[in-house]
């Protein structure tokens, strides 16, 4: 057994405890550090009413709460460019700078508010970046006091908290470097999304798809009620345009549940009876099935007897859909390619096994990105506050064009290449953000 000893000068500690000893430190001279209370002024401006309430999220973003939100007791005004933090959750990242686009917002006394422009010593944009650094987060942890369930960072301790205070020109250099990189990263993400949308449009053209989903009406329109079997935007669009509300294509259209082309099945239901025991099997949960790909970083096990495996085992080419998701993502598929041997799937993950003589899974995956497929699941989904759910019947009743196998292969290959291009752009975006985040933290911690 090995151990590590860390030696810390007593004079460098704001107070004595283990967290203060183990916390990361700023590698700057004392002249380059300043208490937060010297660079910002506490704003205590009572809210006289009429302001929307604000919320500070763990990622540092500040948003408006719904207009219907009512808070009992006194609230205080935060103005654009003010720093706001949660006494309880600042250790989890709930600290941010007020954006310009909301105007003033109101917060309770649990959210201390600081005017960082009043002293003219520090840029709000620099503070926003500073508060996301690992070193800042580590040092904030050391300021937390109180017992379990009541741990807080007091405004007084926060104001004594030392932060790097370089010159305004150095602050601006850091901000410009950070913002330029994140702007480029955002452009890469937008380019990736544009590639995907262009690919979906091309597939729509290849298949000759026509439905109200493909040609929606922008703005307001009128549709005669006698022309509608039932009211929906989809049916009204069809009536107003004088087109069928059925999917049409230059190829034969069949329901996915046609047993000649595919079978749709649920997986195994998790229960105390099938905790891993003599026959543990890896299984896919909802968390593993993402939008167009599988996240296999954490795959859990479930008990499945040998005589049940033939019915439950996933096979390469199975298309998987989550039973429940957000309204926007419900019905989005991913393709199983045999990544894990003897893997099964949970009952909340639907499996579509295609008859590859008539329907290629790669083509099915591509078609399920189109507007008619997405619209089908949005209309069929049963919606609650944060969740939309579909059933196996909804999947079976999805109508799909069935072109010749060669055409299906071309469409599937085209979509695979399109996704690869978009994935590479998104990876470049993530890589750029990570690189500049590390570079900027080094600048803040150590100086230029």
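Residue numbers (the numbering used here): 1410 to 1857.
For glycine and all other residues, C-beta sits at the position ideal for the given N, C-alpha and C.
- Contact between residue 1749 and residue 1711 does not hold, since their C-beta atoms are separated by about 13 Å, which reaches or exceeds 8 Å.
- Sequence-distant Cβ neighbours of residue 1671 in its own chain, meaning closer than 8 Å and more than five residues away, are 1665, 1761, 1762, 1763, 1764, 1768, 1773.
- The C-beta distance from residue 1594 to residue 1826 rounds to 23 Å, too long to fall under 8 Å, and the pair is not in contact.
- Partner residues in the beta bridge of residue 1754, as assigned by DSSP, are 1693.
- Under DSSP, no beta-bridge partner is assigned to residue 1821.
- Take residue 1609, set aside five residues on each side of it, and the residues of its chain with a beta-carbon closer than 8 Å to its own are 1778, 1779, 1780, in chain order.
- Between residue 1474 and residue 1485 a beta carbon distance of about 15 Å is seen, past the 8 Å cut, so the two are scored as non-contacting.
- Residue 1473 is bridged by DSSP to 1463.
- Looking from the CA of residue 1830, the closest CA among 1840, 1605, 1795, 1527 belongs to 1605.
- Residue 1587: member of the alpha helix (DSSP H) spanning 1577-1616, first to last residue.
- Rounded to whole angstroms, the Cβ separation of residue 1452 and residue 1523 is 6 Å, and the two are in contact under 8 Å.
- Relative to residue 1783, the option among 1766, 1808, 1770 whose CA is nearest is 1808.
- Residue pairing from DSSP leaves residue 1833 without any beta-bridge partner.
- When secondary structure is reduced to three states using DSSP, residue 1497 falls in the coil class, being assigned neither helix nor strand.
- Restricting attention to 1536, 1541, 1519, the CA atom closest to the CA of residue 1559 is found in 1519.
- Distance from residue 1496 to residue 1521 at the Cβ level is roughly 7 Å; contact confirmed, criterion being Cβ atoms closer than 8 Å.
- With a 10 Å radius around the Cβ and a threshold of 16 neighbouring Cβ atoms, residue 1472 comes out exposed.
- Check the Cα spacing between residue 1737 and each of 1566, 1722, 1787, 1723: the tightest is with 1787.
- Within a 10 Å sphere around the beta-carbon of residue 1622 sit 16 or more other beta-carbons, which makes this residue buried.
- As DSSP reads the structure, residue 1731 sits in a beta bridge with 1758.
- Residue burial is scored here from C-beta neighbours: residue 1673 has at least 16 other C-beta atoms within 10 angstroms and is therefore classed as buried.
- A straight line joining the alpha-carbon of residue 1586 with that of residue 1680 spans about 52 Å.
- For residue 1657, the closest of 1616, 1791, 1732 by C-alpha to C-alpha distance is 1616.
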